[in-house]
Amino acid sequence: MMATNPDWCQPLHVWRAYFRKWVAVPDPMAQMLASVMFDLRPIGGAARLFERLQDETLDMAARNSIFVAHMIGNSLSHSPPLGLLRGFATIRSGEHKNQIDLKHNGVVPVVDLGRVYALIGRLQSVNTRARVEAAGAAGVISASGARDLIDAYDLIAETRLEHQAWLVKSGRTPDNFVAPADLSDFDRSHLRDAFVVVRTMQSAVGQARGARQ
3 MMATNPDWCQ PLHVWRAYFR KWVAVPDPMA QMLASVMFDL RPIGGAARLF ERLQDETLDM
63 AARNSIFVAH MIGNSLSHSP PLGLLRGFAT IRSGEHKNQI DLKHNGVVPV VDLGRVYALI
123 GRLQSVNTRA RVEAAGAAGV ISASGARDLI DAYDLIAETR LEHQAWLVKS GRTPDNFVAP
183 ADLSDFDRSH LRDAFVVVRT MQSAVGQARG ARQ
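Residue numbers 3 to 215, in the working numbering, belong to the letters of the sequence shown in order.
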């Protein structure tokens with residue numbers, strides 16, 4: 003995304019201006035770009051340039067309650083596929099009828115939560131798992147909540163990868179859609195519990211959003 007786009011091949015002062023604009027006017031495009039760019043990491047050159055930008059940006063963004071509230075709202079746009087009585091809410095029609103999307107309704111909600119925790123706590127980690135661990139250590143979320151969310155994330159990600167590996171071995175194109183009926187009772191139960199954890203953590207951050215508004 004960045005190496006092929008001249009918009010992102012810019013000196014430090016331009017990047018500072020980008021983030022100032024996104025934080026000051028958090029419209030949907032700004033939220034999307036900020037979410038992606040909060041995952042920046044250096045792979046070469048002078049790492050101190052990145053470190054300065056990251057420190058300044060996290061501080062600026064965390065102090066802007068409106069921006070934080072928008073980022074929290076954006077993180078709640080993808081919900082775990084749970085219906086009434088903790089059953090699965092599967093896709094109702096189309097090519098993936100009676101299936102669930104393990105990427106957009108499983109992995110992405112946790113990734114978004116990790117970004118919010120990093121923003122609120124001004125945490126420098128950019129890996130989702132590391133962000134959740136750091137959030138627990140820093141008191142952004144409870145230690146038990148961090149452990150539960152990491153376990154849920156690992157289970158969802160593992161289920162997704164196992165499904166994709168099975169498709170590849172079967173000579174089919176890998177995707178993110180799994181039919182709960184194809185899982186064992188044991189796997190369905192644990193996957194459902196993982197989604198409940200994600201929903202619980204989303205509810206908690208949603209309540210924090212209300213307190214900030």
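For glycine and all other residues, C-beta sits at the position ideal for the given N, C-alpha and C.
Under DSSP, the beta-bridge partners assigned to residue 179 are 103. If you draw a straight line from the Cα of residue 26 to the Cα of residue 166, it is about 40 Å long.
Take residue 108, set aside five residues on each side of it, and the residues of its chain with a beta-carbon closer than 6 Å to its own are 158, in chain order. Contact between residue 110 and residue 80 holds, since their C-beta atoms are separated by about 5 Å, short of 8 Å. Apart from sequence neighbours up to five positions away, the residues of its chain that approach residue 170 with a beta-carbon distance below 7 Å are 176, ordered along the chain. Within the model, the alpha-carbon separation for residue 207 versus residue 64 is close to 15 Å. Distance from the CA of residue 18 to the CA of residue 132, rounded to the nearest whole angstrom, comes to 25 Å.
Distances from the CA of residue 94 to each of 54, 67, 11, 181 were compared; the closest alpha carbon is that of 181. Here residue 84 is bridged, per DSSP, to 90. With a cut-off of 8 Å on Cβ pairs, the stretch 56-76 is not in contact with the stretch 139-148, counting fewer than three such pairs. Here DSSP, grouped into helix, strand and coil, assigns residue 208 to helix.
In the three-state reduction of the DSSP assignment, residue 15 falls in the helix class, which pools H, G and I. Closest by C-alpha distance to residue 129, out of 92, 194, 114, 189, is 114. The Cβ atoms of residue 119 and residue 137 lie closer than 9 Å to each other.
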